[in-house]
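The structure under discussion appears below in the form of structure tokens.
Protein chains in written order, with the working numbering: chain A, 36 to 449; chain B, 36 to 449.
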């Protein structure tokens, strides 16, 4: 580099500011404790990661083989909407689960996250309101802040197993700024699976008030105890209102490929989202190759995975409910549960257990539930636990949690 | 799926609207003609793609091998800021080109696109203004619209080879809403390489008005004729003002991996960007593995690539200037040139050449320059041409272009 570049190093006082939305942007409740867990690990402590939906389930062989066998000479951009062969095969996957679309009704996105961002940018003006049953996936807050949208939470409660609040509660929140409702089904963080009646109530509400209905269905394959998944794409007469978010991350345990989808029969929404997609050029090429191959995953893989999750859930929930002062409902889907703990403040507790506690050289990382609520003060005695580890690790984590609750200075209640 | 779902199919009239920013969002000038080129191909016509910065240069062997040899059992999320080993190695790459940073001064992003989006979201409030010399990379418009930022273009001209406009022109545009300046160096679409004097002028301006200076340097390796690249990260005394965008897409001809970086010594900006990064979880894992391996690409690869591009540029620019009525400056960097054509409207011409013209079964796809300007009416007689094809293809494309200009009904001038 040229040495004549101006090298004066005055101390310049700048007034540069961070944006208001940047300030408002929350740290991820799932990831914000990472420095404490790294610090614990550096002290030689074994940390059980129940904080994040990163399963230990093996990615399907067909997916891993596709990456190895991709014989590319140049790793090129794909079409902004995704590789056409993948879009066509993905459309067939939806057709097979009774969703009547073709490849022109979907856009391949960089993870489900990008699908949500594109939908919010395409459908909402800054200042518009979106109703979301809480607790909800914490990053909805982030996507809403990025898009300037105001989240209006509607409370659901652990005592009801986090069922959909009565429709009147939604009606109470609707203003002339309300443009949509977001649900996550099966739900992250609660594991709640919406019933047909609940979805039909939402359908009526959406028709009555002419709202968008966004549904995050990335845990579709994780429904237990014989319950069937009903997609918002199955609801008739609101095809124009419905936008579905999807992702291959959880379905095939390939979170790192970053491939999702935005699915809608509303062509205006899709065409608008495509303009945002063109600006970012294309979703990851390797991810798409892997995702396309993943569609050939044999049914036996899902049967095994489902058996594994059911057994983990049953084990975890039973174990949690045996710990004095702890309560967890039994979720019907996904691989999370929200548990109530006898603590003053779960943010403090989750930090304390990493930084000041260990039991036989082990500790547990959980996601404080406050980050999944937007009503101030809610979730302070709850945590989200992901049952993404094998049972023997869950067993050890439960022991650590029990011992920690006994030792925690901020313990409350009986 | 359950057959009792409400299947009434009333014709519901909805008032659902698309957002204002969604309406404002431009179609990509690089990609909007894709349907016409697909249609031409379906008629059996060979289309030379000079519209997009998708080089035909082979991805380095070390990169392709890394994908094949990645022995993953589970394709997991990475850290939101990127895989640490990659961040450390990437920091070394910057150190080697005189940029004094470490791995804590950078964030791995999903392409350069995401770095720009995160920076705009982190630094700007809706309604803030950013000055960008035009013509500029068209997608800056898209990122600005998504963030609610107003682009104030400052005109540069083909007659001056698209040099940086005089600093007084910047001063004229600065208001109390002005928060930053964006440059692209070497420039897309013009291939212009900023001089040390120009960068020092920007440095003074940034100090005087306390502005952010964003610099897109994804074509750093493509500087010709002995000219050295000077990064904004080399400028002293404005470390807090500077945010650099980078990408491996062009450097290693691996556009599809979607790996970029946001680099800044301003820790407030970096920490804010990290919150947006956490919301989208992580950049693509395979892309990061490939990008990390790419850092071992031997120097001989770049020497060959550079030789190839110089030879293509010289060939293309000479060929363009031989066509009656056509003018192209000789760019010092990147792999684009903006050429002036004797046409009424380059949008119409670029569509016409795909849909109504062929020469011996061949045609050419170019990017109309209007999309790279934000001043209305500018660029209507210009196109961006990417010299991303080998010389024999460029030769054929030049013949097609010459013949097309002879036949085009909207030809103007001599």
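Even glycine gets a Cβ: it sits at the ideal position worked out from N, Cα and C.
Next item on the list: Under 6 Å Cβ to Cβ from residue 206/A, same chain only, skipping five residues before and after it: list those, please.
Entry: Counting from one through the first chain, the residue named residue 206/A turns up at place 171. Nothing meets the Cβ criterion.
Notebook entry, point to check: Assuming residue 126/B contacts residue 142/B under a Cβ cut-off of 8 Å, what Cβ separation, rounded to an integer in Å, is found between them?
Noted result: Sequence index remark: in the second chain, residue 126/B carries index 91 (1-based). Sequence index remark: in the second chain, residue 142/B carries index 107 (1-based). In fact, because the Cβ distance is near 12 Å, the residues do not count as touching under 8 Å.
Notebook entry, point to check: Does residue 320/B come within less than 8 Å of chain A when only Cβ atoms are used?
Noted result: Reading the second chain from its first residue, position 285 is the one you call residue 320/B. Output row for residue 320/B: interface = yes.
Margin query: Using the three-state DSSP reduction, which class does residue 54/A fall into: helix, strand or coil?
Written below: By one-based count along the first chain, residue 54/A stands at place 19. Reduced to three states, the DSSP call for residue 54/A is coil.
Margin query: Using a Cβ-Cβ distance cut-off of 8 Å, determine whether residue 404/B contacts chain A.
Written below: Locating residue 404/B in the second chain gives position 369, where the first residue counts as 1. Chain A contact via Cβ: absent.
Next item on the list: Inspect the beta-carbon positions of residue 409/B and residue 217/B and report whether they are closer than 8 Å.
Entry: As a position in the second chain, residue 409/B is number 374, starting the count at 1. As a position in the second chain, residue 217/B is number 182, starting the count at 1. No, these two residues do not count as a Cβ contact at 8 Å.
Check: What are the residues that DSSP puts in a beta bridge with residue 185/B?
Finding: Residue numbering aside, residue 185/B sits at position 150 when the second chain is read from its first letter. Bridge partners of residue 185/B: 164/B.
Next item on the list: Spatial neighbours of residue 352/B within its chain, please: CB distance less than 7 Å, with the 5 preceding and 5 following residues excluded, ordered by chain position.
Entry: One-based indexing of the second chain puts residue 352/B at position 317. Cβ neighbours of residue 352/B beyond the five flanking positions: 363, 365 and 372.
Next item on the list: Could you tell me the boundaries of the alpha helix (DSSP H) in which residue 329/A lies?
Entry: Position 294 of the first chain, counted from the first residue, corresponds to residue 329/A. Counting along the chain, residue 329/A sits inside the alpha helix (DSSP H) bounded by residues 320–329.
Notebook entry, point to check: Are any of the Cβ atoms in chain A nearer than 8 Å to that of residue 427/B?
Noted result: Start at 1 with the first residue of the second chain, and residue 427/B comes out as number 392. By this cut-off, residue 427/B is not an interface position.
Check: If contact means a Cβ-Cβ distance below 9 Å, which residues of the region 56–73 of chain B contact chain A?
Finding: 56, 57, 58, 60, 61, 62, 63, 65, 66, 67 and 69
Margin query: Using a 10 Å radius around the Cβ and a threshold of 16 neighbouring Cβ atoms, would you call residue 131/B buried or exposed?
Written below: On the second chain, position 96 is the one that residue 131/B refers to. Label assigned to residue 131/B: exposed.
Note to self: So, with DSSP's three-state summary, where would you put residue 395/B?
What the structure shows: Translated into the one-based positions of the second chain, residue 395/B becomes position 360. Looking at residue 395/B - three-state DSSP - the assignment turns out to be coil, as it is neither helix nor strand.
Next item on the list: Taking only the alpha-carbon atoms, compute the straight-line gap between residue 345/A and residue 226/A and give it to the nearest angstrom.
Entry: Along the first chain, one-based indexing puts residue 345/A at 310. Along the first chain, one-based indexing puts residue 226/A at 191. Taking the straight line joining both Cα atoms gives about 12 Å.
Checklist line | Whole-number beta carbon distance between residue 189/A and residue 375/A, since they are thought to touch under 8 Å | finding: Taking the first residue of the first chain as position 1, residue 375/A is located at position 340. Taking the first residue of the first chain as position 1, residue 189/A is located at position 154. Their Cβ separation, rounded to whole angstroms, is 20 Å, which puts residue 375/A and residue 189/A out of contact at 8 Å.
Note to self: Less than 8 Å between the beta carbons of residue 89/B and residue 112/A, yes or no?
What the structure shows: Working through the second chain from its first residue, we reach residue 89/B at position 54. Working through the first chain from its first residue, we reach residue 112/A at position 77. Going by C-beta atoms, residue 89/B is nearer than 8 Å to residue 112/A.
Margin query: Would you say residue 161/A lies against chain B (beta-carbon separation less than 8 Å)?
Written below: As a working note, residue 161/A is residue 126 in the first chain. It does: the Cβ of residue 161/A has a partner Cβ on chain B nearer than 8 Å.
Check: Should residue 395/A be labelled buried (16 or more other beta-carbon atoms within 10 Å of its own) or exposed?
Finding: Counted from its first residue, the first chain places residue 395/A at position 360. It is exposed - the Cβ of residue 395/A has fewer than 16 other Cβ atoms within 10 Å.
Next item on the list: Just the chain B side, please: which residues come within less than 9 Å of residue 50/A by C-beta, in chain order?
Entry: Position 15 of the first chain, counted from the start, is the residue given in the question as residue 50/A. Within 9 Å Cβ-Cβ: 245.
Item checked: Beta-carbon contacts of residue 289/B that lie in its chain and below 7 Å, excluding the five residues immediately before and after -> In the second chain, counting from the first residue as 1, residue 289/B sits at position 254. Only 94, 98, 283, 325 and 329 meet the Cβ criterion.
Next item on the list: Taking only beta-carbon positions, decide if residue 149/B is within less than 8 Å of chain A.
Entry: In the second chain, the residue the question calls residue 149/B occupies position 114. Cβ-Cβ to chain A under 8 Å: yes for residue 149/B.
Next item on the list: Note down, one range per segment and in chain order, each alpha helix (DSSP H) of at least 4 residues found wholly within the region 231–315 of chain B.
Entry: 231–244 and 302–314
Next item on the list: Could you check if residue 60/B is buried or exposed, using at least 16 other CB atoms within 10 Å of its CB as the buried criterion?
Entry: Indexing the second chain from 1 puts residue 60/B at position 25. In the assembly as shown, residue 60/B is a buried residue. Its beta-carbon has 16 or more other beta-carbons within 10 Å.
Note to self: Between the alpha carbons of residue 275/B and residue 244/B, how many angstroms are there, rounded?
What the structure shows: Numbered from its first residue, the second chain carries residue 275/B at position 240. Numbered from its first residue, the second chain carries residue 244/B at position 209. Cα-Cα distance, rounded: 13 Å.
Check: Can you name the residues that DSSP bridges to residue 371/A?
Finding: Within the first chain, residue 371/A is the residue found at index 336, counting from 1. DSSP, once it has assigned bridges, lists 421/A as partnering residue 371/A.
Next item on the list: With a cut-off of 8 Å on the beta carbons, I'd call residue 378/B and residue 435/B a contact; round off their distance for me.
Entry: Taking the second chain and counting its residues from 1, the one referred to as residue 378/B is at position 343. Taking the second chain and counting its residues from 1, the one referred to as residue 435/B is at position 400. With a Cβ gap of about 15 Å, residue 378/B and residue 435/B do not count as contacting.
Checklist line | Chain-order list of residues whose beta-carbon lies under 7 Å from that of residue 446/B (same chain, five-residue window excluded) | finding: Working through the second chain from its first residue, we reach residue 446/B at position 411. The residues are 377, 378 and 440.
Next item on the list: Would you grab the beta carbon distance between residue 293/B and residue 319/B for me? Rounded to a whole angstrom, and I think it's under 8 Å.
Entry: The residue labelled residue 293/B in the question sits at position 258 within the second chain. The residue labelled residue 319/B in the question sits at position 284 within the second chain. The pair is a contact, with the Cβ atoms about 6 Å apart (cut-off 8 Å).
Next item on the list: Specify whether the region 262–281 of chain A and the region 148–163 of chain A touch according to this definition: at least 3 beta carbon pairs, one from each stretch, less than 8 Å apart.
Entry: Proximity of the region 262–281 of chain A to the region 148–163 of chain A meets the contact definition, three or more beta-carbon pairs being nearer than 8 Å.
Checklist line | residue 273/A burial status per 10 Å Cβ neighbour count (16 or more: buried) | finding: Taking the first chain and counting its residues from 1, the one referred to as residue 273/A is at position 238. Classification of residue 273/A: buried, given that the 10 Å Cβ count is 16 or more.
Check: residue 41/B CB to nearest chain A CB: under 8 Å?
Finding: What you label residue 41/B is simply residue 6 of the second chain in a count that begins at 1. Note on residue 41/B: pLDDT 43, under 50, position unreliable in the model; no value is reported.
Check: Quick one: what's got a C-beta closer than 6 Å to residue 204/B's C-beta in the same chain, skipping five residues either side?
Finding: The count along the second chain starts at 1 and reaches residue 204/B at position 169. Correct list, in chain order: 189.
Notebook entry, point to check: With C-beta atoms as the reference, is residue 424/B less than 8 Å away from residue 68/B?
Noted result: Residue numbering aside, residue 424/B sits at position 389 when the second chain is read from its first letter. Residue numbering aside, residue 68/B sits at position 33 when the second chain is read from its first letter. Against a cut-off of 8 Å, the Cβ pair of residue 68/B and residue 424/B comes out as no contact.
Item checked: Reduced DSSP category for residue 61/B - H, G, I as helix; E, B as strand; rest coil -> In the second chain, counting from the first residue as 1, residue 61/B sits at position 26. Reduced to three states, the DSSP call for residue 61/B is coil.
Next item on the list: With 8 Å as the limit, tell me which residues of the region 81–100 of chain A have their beta carbon closer than that to any beta carbon of chain B; keep them in chain order.
Entry: Of all residues in the region 81–100 of chain A, 87, 89, 90, 91, 92, 93, 94, 98 and 99 have a Cβ within less than 8 Å of some Cβ in chain B.
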